[in-house]
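Structure first, commentary second.
2 protein chains.
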Amino acid sequence: MRPDPGAAHAVLAAVLQVRNEQLEALLWQRAREPFAASWALPGGALAEGETLEGSLRRHLAEKVHVRELSHLEQLETRSDPHRNPARRELATGYLGLVPSGLDPKLPDDTHWHPIDELPELAYDHEEILIGARERLRAKLSYTNLGFALAPPSFTLAELRDLYAAALGHPVSATNLQRVLLRRQLLEETGERRRYGSGGGRPAAIYRFRTGELEITDPFAVLRPPTMAH
Amino acid sequence: MRPDPGAAHAVLAAVLQVRNEQLEALLWQRAREPFAASWALPGGALAEGETLEGSLRRHLAEKVHVRELSHLEQLETRSDPHRNPARRELATGYLGLVPSGLDPKLPDDTHWHPIDELPELAYDHEEILIGARERLRAKLSYTNLGFALAPPSFTLAELRDLYAAALGHPVSATNLQRVLLRRQLLEETGERRRYGSGGGRPAAIYRFRTGELEITDPFAVLRPPTMAH
DNA sequence: CCAAAAGTGTTATGCTTACACCCATGT
DNA sequence: ACATGGGTGTAAGCATAACACTTTTGG
Numbered sequence: 005m006r007p008d009p010g011a012a013h014a015v016l017a018a019v020l021q022v023r024n025e026q027l028e029a030l031l032w033q034r035a036r037e038p039f040a041a042s043w044a045l046p047g048g049a050l051a052e053g054e055t056l057e058g059s060l061r062r063h064l065a066e067k068v069h070v071r072e073l074s075h076l077e078q079l080e081t082r083s084d085p086h087r088n089p090a091r092r093e094l095a096t097g098y099l100g101l102v103p104s105g106l107d108p109k110l111p112d113d114t115h116w117h118p119i120d121e122l123p124e125l126a127y128d129h130e131e132i133l134i135g136a137r138e139r140l141r142a143k144l145s146y147t148n149l150g151f152a153l154a155p156p157s158f159t160l161a162e163l164r165d166l167y168a169a170a171l172g173h174p175v176s177a178t179n180l181q182r183v184l185l186r187r188q189l190l191e192e193t194g195e196r197r198r199y200g201s202g203g204g205r206p207a208a209i210y211r212f213r214t215g216e217l218e219i220t221d222p223f224a225v226l227r228p229p230t231m232a233h
Numbered sequence: 005m006r007p008d009p010g011a012a013h014a015v016l017a018a019v020l021q022v023r024n025e026q027l028e029a030l031l032w033q034r035a036r037e038p039f040a041a042s043w044a045l046p047g048g049a050l051a052e053g054e055t056l057e058g059s060l061r062r063h064l065a066e067k068v069h070v071r072e073l074s075h076l077e078q079l080e081t082r083s084d085p086h087r088n089p090a091r092r093e094l095a096t097g098y099l100g101l102v103p104s105g106l107d108p109k110l111p112d113d114t115h116w117h118p119i120d121e122l123p124e125l126a127y128d129h130e131e132i133l134i135g136a137r138e139r140l141r142a143k144l145s146y147t148n149l150g151f152a153l154a155p156p157s158f159t160l161a162e163l164r165d166l167y168a169a170a171l172g173h174p175v176s177a178t179n180l181q182r183v184l185l186r187r188q189l190l191e192e193t194g195e196r197r198r199y200g201s202g203g204g205r206p207a208a209i210y211r212f213r214t215g216e217l218e219i220t221d222p223f224a225v226l227r228p229p230t231m232a233h
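As structure tokens, this is what we get:
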């Protein structure tokens, strides 16, 4: 076996945002074969001297004008020799998150798609996308990753809707508040929300204490013994 | 920027086993520059037409004669342009596990090293190795990955020692038993252990119910609501 | 005064740890 | 008999879910 001298390497991002009360992914429609008219994850070829993450940020900025990522994290590197029918190509997937409320300007061939109603996707992109969704769901449970889905400040009802959209199941604002406050992920801004129409008590406005990923629930079980004697 | 036509790609494995009551890693000592006399993770160059995992299994079989992996799982792909001072090279890390009790024949330049007393490691291999250890520790808590560390059957005291070595902190056999039995990871073989010297009640012998990875504790929090009405 | 939405109090439940105690065997 | 480890019983602590109830606002 000879070392493979010409293994092309691509980077691909599952860019996710909560829009219209649901989780949506950024996809662009291919014009040319292979997979003409199918939809694809944004990304492109790794260039000389680039890191994978640097390359992905460049492609997202150049091709889909997305620069406002609140989180970017590497997923699996796929290597099936036939994943690209045209030529041997490895691809490293990434999970990218955009805070709710932003609406980056997109090229004409690029659109947001609800992740529960995906069109036909090119290559192995659907697997990468579903893997990204599962990674997001898992990390919402044991880290502070919610900060990457949320705008800078929000009411608990708004945050509840974001979590419900990302997790795909109903979430109780009451219990969400207790979990996130006890873990000290949230802090009050002191402000209260002006309400649009209709009555109701004004809601306290919160923000995430930090915009850096932290693991907040490190050991589900089999924790180290407590040092209490 | 031009696509990088010659990005070499390597695969590297952190092969871990519990030996001598501690977690140990398989390393080989480099004879040549760069990093002569430093220790390195086993692995090698990706060849034409190979998958990453296939390539790694080939290298492990050829170079360190290890074929008895009970688990193999992809970790991060590293892409710093300077991680290899000689030439641009991407590397994908893997976590490989060998059941306790096996003792594969190794080439002369290859040895097991306690992961808490590592020698000088080449390239970025120490980071990959520590990342592998952390992945193992996390998955022991919420999956049945213990099966990959354990021999085909064992007493609870033996299993407790394996978990303690892998986690790096004391583990109570009593509580380990309750957790693993409630989650139905273990089943009794019906046999009891012959004891060597000294007294003591003979221990029941257990085995893992399955040798496939299963997630046994899926949601630490924020679970879907129960359907009970 | 009433509707609506936010927020708090309270209870129930389940999982884990800690530790006391009982069991089975060799010497 | 006693030492030695294996195994079970039981209570306490903690986190979460579920839901009733109170608070604050607009109409």
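In order, the protein sequence lines correspond to chains A and B.
Note that the first sequence covers residues 5 to 233 in the numbering used here.
Note that the second sequence covers residues 5 to 233 in the numbering used here.
In this text, a Cβ means the ideal position worked out from N, Cα and C, and glycines have one as well.
In this structure, the CA atom of residue 122/B is about 21 Å from the CA atom of residue 95/B. Each of 181/A, 146/A, 86/A, 173/A was checked against the Cα of residue 159/A, and the nearest Cα belongs to 181/A.
Taking a C-beta cut-off of 9 Å against chain A, the contacting residues of the stretch 40–71 of chain B are 48, 49, 50, 51, 52, 53, 54, 55, 56, 57, 58, 59, 62, listed in chain order.
With three or more CB-CB distances shorter than 8 Å, the stretch 109–126 of chain B counts as touching the stretch 19–26 of chain B. Within its own chain, the residues whose Cβ lies closer than 8 Å to the Cβ of residue 141/A, once the five positions on either side in sequence are excluded, are 170, 171, 172, listed in chain order. Annotation: the continuous alpha helix (DSSP H) that includes residue 137/A extends over 129–146.
For residue 173/A, the secondary structure class from DSSP, reduced to helix, strand or coil, is coil. DSSP places residue 61/A in the uninterrupted alpha helix (DSSP H) bounded by 56–67.
Closer than 8 Å to the CB of residue 81/B there is at least one CB belonging to chain A. Scanning chain A for C-beta atoms nearer than 8 Å to the C-beta of residue 13/B yields 8, 11, 13, 94, reported in chain order. Residue environment analysis places residue 148/A among the buried positions, since at least 16 neighbouring C-beta atoms fall within 10 angstroms of its C-beta. The three-state reading of DSSP puts residue 20/A in strand, counting E and B together.
Our two residues, residue 210/B and residue 219/B, have alpha carbons roughly 20 Å apart in a direct line.
Under the 8 Å Cβ criterion, the stretch 42–56 of chain A counts as touching the stretch 120–134 of chain A, having at least three qualifying pairs. Residue-level contact by beta carbon holds for residue 84/B and chain A, with a gap shorter than 8 Å. In chain order, 80, 81 make up the part of chain B whose C-beta sits under 8 Å from the C-beta of residue 78/A. Shown here, residue 70/B sits in coil according to DSSP, grouped into three states, outside any helix or strand. A direct Cα-to-Cα measurement between residue 164/A and residue 35/B gives close to 58 Å. Around the Cβ of residue 86/B, a 10 Å sphere holds fewer than 16 other Cβ atoms; the residue is exposed. Of the candidates 143/B, 89/B, 107/B, 112/B, 143/B places its Cα closest to the Cα of residue 217/B.
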